[in-house]
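*Asks:* Just dropping this structure here.
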Amino acid sequence: MASKAHVNNAVNERRLRPIYDWLDNGNNKKALQEADKVLKKQPDNQCARVLKALALLRLGKEDKCQDIMDKVRSEVPCDDSTLQAMSICYKEIHQPDKIREVYEAAAKADPNNEDLLTHLFMSYVRLGDFKKQQQTALALYKLKPKNPYYFWAVMSVVMQAIQAEDALAKNIILPLAERMVLKLVNEGKLEAEQEVQLYSMILELQGKNEQILDVLSGPLAARLSGVPQRKAALLIQLQRYEEATTAFKELINEDNDNWSHYLSYLTAALEHQQPSECLEFLDSIAETCGKKARAPHLARFELLKRVGSSNVALRAIMEPVKLMRLYFEQFGNKGCTVGDLRLYLNLLTFEEQSQLLESMNEDIGIAEDSAPTKKDLMLRHIHFEQLRRACGMHHSPILDIEKRQKLVNRLRDLYEKGNELCINDERLPTDFAPFDSYALLAAHLLIQMWYESYEASHLYKAMALLERALSISVANFHLKIILIRVYLEAGLIGAADHVFSLLDAKQIQLVSLSYLYVPLLAPLGHLSSASNALDQAVKFFVANYKHSADRLTFAYKYGSFAKIQEFVDLRERLDNSLHFATSTVDKMLLELSWCDSAKSLSRALVSMRVLPHEDSIRWELLRDNRDLEVVVGWEPSTDDKDPRKHEETRACMLQLLAARNLILRIIAATAEEQDCSLLLAKLSHELETLNNERIPKCLEKFMTADRRVRVESILVPIDAVERLRESYDSQQLMVIARLADSFSQFSRPDSQCIEIIRNTHCLKTLPIPTTDEPVSYKDFLLRAATCGETLSFLGIMCASYINQAYPQITNKKNRKKTNKEVESSLTADDIECWTEISDLFMKRTEKLENVLSEFEKRSLNTGLDTKEKAAAIVAERVQESIHRSCWMLRSRLQLTTKLLNNFRS
């Protein structure tokens, strides 16, 4: 019998193999044909039916796929190949709960099948059902007493504790997990390092540091790595500072360049020793460690930082200026030097900083009219200039605009000399050119001058310089990131889009780096690129749930218990990403702005599943996942604890999301079939309050001395600030709120509402930029895009409102009814009002289209010599970006015109 079953399985596998191959190769039509061939001979073959369903799904026929899957599921399949195929199918349609149901039924039918129970456990892992995980793991352990199964159950209990309230976790759940592990400890059955780590984690969650120390001092420690470091860290937590100091001294003697050991040593030692004793130990290590170890030298600066400048005696002994000079002398050619010393420059007064820089300059020995002759000397000079900038020597009042321009020219010359000094053939394509930092410093200076003078010529000079540098050092992402920012400041979003593509950002980088340019794609006119980028971002977040579940199952499979909580946290960070929420809302609004009729709007809203009565955003859980540190900079330290304004820009992002989300809900409310007067009144009031109270408070933090709202540091992201400022300054939010409020009270826009719309800034473009000199097109394009978007939003609001308020007019079947029936539903005042507002929209649309056409025809002035290759590239990028922005904005206007014509008729 067994032999016959084996033969049948082999035959079945051979018949199914072509289907698997076609599916793997992406040829789903062939896979479907092969599945049909098998099913002609074996109509009841469950695996073939599921593979057919999978092929149908990938061909876009989800309904047929679901029908087949439901029939197979009702038959309670138990063979592994069918269940695995069903799992793949349910993963692709994002229904992990169905995987659980399939394996629950199979395990119930065959309760002693280890493989089925294992898959059932993993299905619960995908859903995060920790209680069911625990029960299934214990059932597995009862069936097959293996340690991994038992510790799956223990980890499931720990995850329940992490998700539970503190009191419940510490008093009931964690003690249960501890008892479960102790059972195996007492029986001497702990086998792997991960199992001991899990035991340590349980004790740590309960705050039982003494017991952890006992574990690290007992026989179980033999299964762990890094025990001395763990014990030393625990001694600090237990406030046994003398023992901790001794422990970290031993660790430092063993590994004298481990920076974390020095930080922990100082934490422990300063609790019971005088700073002079610590300094004595650090001096002894510095003398014996050789020239390669940086940590002991930096530890002396850290000691001075911790004891504070009030300790005059220690400061006199250490002579920080002398020590920093020696540090630069020893490590000045290393890329880490500037980052190391910047941490401690604030220990020096301005006079001491000047003294330090003067001594460094003497040591380097490069005159103002000469250039480095060796690579090592060039690196030292670059790091010296970066430190000068960090000390404020590139800023006013020390350097005025004229002196800074001379410094820019000097840095450009040094860049070219560096290019001659370092032969390109000696570098790999992935290597940074060692002289790139000259270009970066010059670009920082030019951007700084742009912020102070508003002269766009500085931006175009920076573009040419960075394009030149990027052509030589194609792998340097710092050049690309700064170049993206420069193009954005000039309003050239197409050029920024091109440079960002060179970064080749993938996966999690789409979350951490997209703030660099994606949010400004649509506001600066590149609508199709915005649609693609937003779609890519949303797809990544949707796929994250599947991938994060896979990571969790692998962590359990291989016993990496310490990673499980990290993976859960990562999943939650991405699920609750602020960028995810913003991208989703922006994507929906962009799609709605392309609607050319009330019907297309209705279809779009149905597919989006927008519920105007509910706010689907979980505001309290939103996480900001931007990586602001990726933008390199050497700005002087200030009293501002957050020079990159992380919290301030996050606040702008939240207010912008709130405004855009309210606009989306208002549009959806106008398209509702039932009476939404109360809802429109509520939403319009919320949007008005947001516009009048919350947004101004956010923007106040970016108010400059000349009462303009703008970002004036390259370290601070501009996307949310610029978009929020434009929404507020243009009165877009106020106008949309006012129209929604009018719809909540009347059957048409009232006269006051029409007058507000007539005079609003958001339907009037700014003056076309001059061609006499280089200019930034950012403000002009932001307003032009706002005009087009607002016209679209107001148009679809009016069209959908008419469609719902007067269905007998918009319905084609009723257009042949008598004039009396039409007049009974639409008064003369109604007709006059709707005609007036539609004429107003049409005039504004025609005006915007004319302005964009005229703007596109104008010659653009970069102020650069286009005979130079880099300057020619910049000129080409400028022209292409402007042309694309104008073309896309006009394309949307054509759809808006069609929409307006529809509701006028």
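0 is the number of the first residue of the sequence shown in numbering that gives the first Met the number 0; add one for each residue after it. Ideal Cβ placement from N, Cα and C applies to all residues, glycine included.
1. By Cβ distance, which residues of its chain are closer than 6 Å to T770, with the 5 residues on each side in sequence left out?
2. Can you tell me which of A370, L376, S283 and S369 puts its alpha carbon nearest to the alpha carbon of E328?
3. Which whole runs of the alpha helix (DSSP H) in the stretch 645 to 730 are 4 residues long or more, in chain order?
4. By DSSP's criteria, S369 is part of a beta bridge. Which residues make up the other side?
5. Rounding to the nearest angstrom, what Cα-Cα distance links G558 and T703 in this structure?
6. Ends of the alpha helix (DSSP H) at C752?
7. Which of the three DSSP states, helix, strand or coil, is assigned to R622?
8. Who are the near neighbours of L142 in its chain, counting only those whose CB is closer than 8 Å to its CB and skipping five residues on each side?
9. Which residue or residues does DSSP assign as beta-bridge partners of S576?
10. Use the C-beta contact count for E361: other C-beta atoms within 10 angstroms, 16 or more gives buried, fewer gives exposed.
11. Can you find the residues in the same chain that come closer than 7 Å, C-beta to C-beta, to R305, ignoring five residues on each side of it along the sequence?
12. Going by beta-carbon coordinates alone, are G490 and K777 separated by less than 8 Å?
13. Using alpha carbons as the reference points, say which of L655, A658, L682 and R659 lies closest to A668.
14. On the premise that L444 lies in contact with L406, defined as a C-beta separation below 8 Å, what is that separation, rounded to the nearest angstrom?
15. For I616, name the three-state secondary structure that DSSP assigns.
16. Take D339 and list the residues in its own chain whose beta-carbon comes closer than 8 Å to its own, dropping the five residues that flank it on each side.
17. Please identify the residue among A312, L22, L126 and A231 whose C-alpha is closest to the C-alpha of E276.
18. Residues in its own chain within less than 7 Å of L302 by CB, not counting five upstream and five downstream?
19. Grab me the residues of T759's own chain with a C-beta within less than 7 Å of its C-beta, minus the 5 sequence neighbours each way, in chain order.
20. Of all the alpha helix (DSSP H) runs that stay within the bounds of the stretch 72 to 104, which reach a length of 4 or more residues?
21. Sort R125, S576, C88 and S80 by Cα distance to R99 and report the nearest one.
22. Taking 8 Å as the threshold (C-beta atoms), are F431 and G417 in contact?
23. Mind listing, in chain order, the continuous alpha helix (DSSP H) runs of no fewer than 4 residues lying wholly within the stretch 541 to 588?
24. For L781, which residues in the same chain have their Cβ closer than 6 Å to its Cβ, ignoring the five residues on either side in sequence?
25. To the nearest angstrom, how far is it from the Cα of I795 to the Cα of N543?
26. Using the Cα positions of K3 and A191, report the straight-line distance between them to the nearest angstrom.
27. Taking the alpha helix (DSSP H) that Q159 belongs to, which residues open and close that run?
28. DSSP three-state label for K416, please.
29. Got a sec? Which residues, its chain only, sit under 7 Å from L663 by beta carbon, not counting five neighbours each side?
30. Just to confirm my understanding: we take A52, look at its own chain, exclude 5 residues before and 5 after, and list those with CB closer than 7 Å. What are they?
31. Looking only at C-alpha atoms, which of D574, V49, K107 and E619 sits nearest to S86?
32. Taking 8 Å as the cut-off, decide whether the C-beta atoms of V629 and L439 are in contact.
33. Leaving aside the five residues before and after I836 along the sequence, list all residues of the same chain whose C-beta is less than 6 Å from its C-beta, in chain order.
34. My output table needs one value for D109: the three-state DSSP class, helix, strand or coil.
35. Y343: which of P319, R72 and E357 sits nearest, CA to CA?
36. Hey, how far is the Cα of L888 from the Cα of L478?
*Replies:* Inspection of the coordinates gives the following:
1. Residue numbering aside, residue 770 sits at position 771 when the sequence shown is read from its first letter. If we look at T770 and ignore the five residues flanking it on each side, its Cβ neighbours are R857, S858 and N860.
2. Your numbering for residue 328 matches position 329 in the sequence shown. Residue L376 holds the alpha-carbon nearest to the alpha-carbon of E328 among A370, L376, S283 and S369.
3. Runs found: 645 to 669, 676 to 688, 694 to 699 and 718 to 728.
4. Within the sequence shown, numbered from 1, the residue matching residue 369 stands at position 370. DSSP lists no partner for S369.
5. Residue 558 sits at position 559 when you count from the first residue of the sequence shown. Residue 703 sits at position 704 when you count from the first residue of the sequence shown. In a straight line, the C-alpha of G558 is about 55 Å away from that of T703.
6. On the sequence shown, residue 752 is found 753 positions in, with the first residue counted as 1. It spans S750 to N758 - the alpha helix (DSSP H) in which C752 sits, taken as one unbroken run.
7. Counting from 1 along the sequence shown, the entry for residue 622 is found at position 623. Strand.
8. Your numbering for residue 142 matches position 143 in the sequence shown. Hits under 8 Å: N111, E113 and L116.
9. Taking the first residue of the sequence shown as position 1, residue 576 is located at position 577. S576 pairs with R622.
10. For the purposes of this step, residue 361 is identified with residue 362 of the sequence shown, where counting begins at 1. Residue burial is scored here from C-beta neighbours: E361 has fewer than 16 other C-beta atoms within 10 angstroms and is therefore classed as exposed.
11. Locating residue 305 in the sequence shown gives position 306, counting from the first residue. Counting only Cβ-Cβ distances below 7 Å, and skipping sequence neighbours, we find L265 and L269.
12. For the purposes of this step, residue 490 is taken as residue 491 along the sequence shown, with counting starting at 1. For the purposes of this step, residue 777 is taken as residue 778 along the sequence shown, with counting starting at 1. It is a contact, given that the beta carbons lie within the stated cut-off.
13. As a working note, residue 668 is residue 669 in the sequence shown. Ranking the options by Cα distance to A668, first place goes to L682.
14. In the sequence shown, residue 406 corresponds to position 407, counting from 1. In the sequence shown, residue 444 corresponds to position 445, counting from 1. The Cβ separation is near 6 Å, so the contact holds.
15. Stepping through the sequence shown from its first residue, residue 616 is reached at position 617. I616 falls in the coil class under three-state DSSP.
16. In the sequence shown, the residue the question calls residue 339 occupies position 340. Taking D339 as the centre and dropping the five residues before and after it, the same chain places the C-beta of R293, L297, Y326 and F330 closer than 8 Å to its C-beta, in chain order.
17. What you label residue 276 is simply residue 277 of the sequence shown in a count that begins at 1. Comparing Cα-Cα distances from E276 to each of A312, L22, L126 and A231, the minimum goes to A312.
18. To locate residue 302, count along the sequence shown from 1; it is residue 303. Hits under 7 Å: L265, P274, C277, L278 and L281.
19. Position 760 of the sequence shown, counting from 1, holds the residue named residue 759. So the qualifying residues of the chain are Q730 and V734.
20. The stretch 72 to 104 contains these whole alpha helix (DSSP H) runs: 79 to 91.
21. Here residue 99 is taken as the residue at index 100 of the sequence shown, counted from 1. For the residues R125, S576, C88 and S80, the minimum Cα distance to R99 belongs to R125.
22. Locating residue 417 in the sequence shown gives position 418, where the first residue counts as 1. Locating residue 431 in the sequence shown gives position 432, where the first residue counts as 1. Between G417 and F431, the C-beta spacing is not below 8 Å.
23. Those alpha helix (DSSP H) runs which fall completely within the stretch 541 to 588 and span 4+ residues are 560 to 574.
24. Stepping through the sequence shown from its first residue, residue 781 is reached at position 782. Once the five neighbours on either side are set aside, the close Cβ partners of L781 are P522 and E725.
25. Taking the sequence shown and counting its residues from 1, the one referred to as residue 795 is at position 796. Taking the sequence shown and counting its residues from 1, the one referred to as residue 543 is at position 544. Per the coordinates, the alpha-carbon of I795 lies some 34 Å from the alpha-carbon of N543.
26. The residue labelled residue 3 in the question sits at position 4 within the sequence shown. The residue labelled residue 191 in the question sits at position 192 within the sequence shown. Its pLDDT being 41, under 50, K3 is placed unreliably by the model, and nothing is read from it.
27. Start at 1 with the first residue of the sequence shown, and residue 159 comes out as number 160. Taken as a continuous stretch (DSSP letters only), the alpha helix (DSSP H) holding Q159 covers N146 to Q162.
28. Within the sequence shown, the letter at position 417 stands for residue 416. Of the three classes helix, strand and coil, the one that applies to K416 here is helix, per DSSP.
29. As a first step, residue 663 must be located in the sequence shown, where it is residue number 664. Within the same chain, L663 has close Cβ partners V584, M587, L588 and V609.
30. Here residue 52 refers to the residue found at position 53 of the sequence shown. C64, I67, M68 and C88, listed in sequence order.
31. Counting from one through the sequence shown, the residue named residue 86 turns up at place 87. Per the Cα distances, V49.
32. Here residue 629 corresponds to residue number 630 of the sequence shown, with the count starting at 1. Here residue 439 corresponds to residue number 440 of the sequence shown, with the count starting at 1. Not closer than 8 Å, so no.
33. Indexing the sequence shown from 1 puts residue 836 at position 837. Excluding five sequence positions before and after I836, the CB atoms of its chain that fall closer than 6 Å to its own CB belong to P748 and I753, given in chain order.
34. For the purposes of this step, residue 109 is taken as residue 110 along the sequence shown, with counting starting at 1. Coil, per DSSP.
35. Here residue 343 is taken as the residue at index 344 of the sequence shown, counted from 1. Among P319, R72 and E357, the Cα nearest to that of Y343 is on P319.
36. Here residue 888 is taken as the residue at index 889 of the sequence shown, counted from 1. Here residue 478 is taken as the residue at index 479 of the sequence shown, counted from 1. Answer to the nearest angstrom: the Cα atoms are 30 Å apart.
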